[in-house]
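Residue 3 is where the sequence shown starts when you use the working numbering, and the numbers rise one by one after that. From the three backbone atoms N, C-alpha and C, an ideal C-beta is built for every residue, glycine too. Predicted, not measured: the structure shown is a model, and the values here were computed from it.
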Amino acid sequence: MIGGLGSLRNKVGDAHGQGKKNFKPASHHAELAVNLAGTMSVFLFSTWSLKENNE
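Structure follows, in structure tokens:
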């Protein structure tokens, strides 16, 4: 899922100067990307926190 999110950013986002290619994702796709990024951030932080507290 993380790789898919990065791929979506690279293919649809404007960070790499897409030029004349103008594609606007549907709002539900944008919402999925934002929610996935937030969920993964919380998961990774909580995993790190558990590891730090167990050492």
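- The alpha-carbon of K26 is positioned some 7 Å away from that of V14.
- Closest in C-alpha terms to H31, from the list L7, N56 and L52, comes L7.
- For F25, the three-state secondary structure derived from DSSP is coil.
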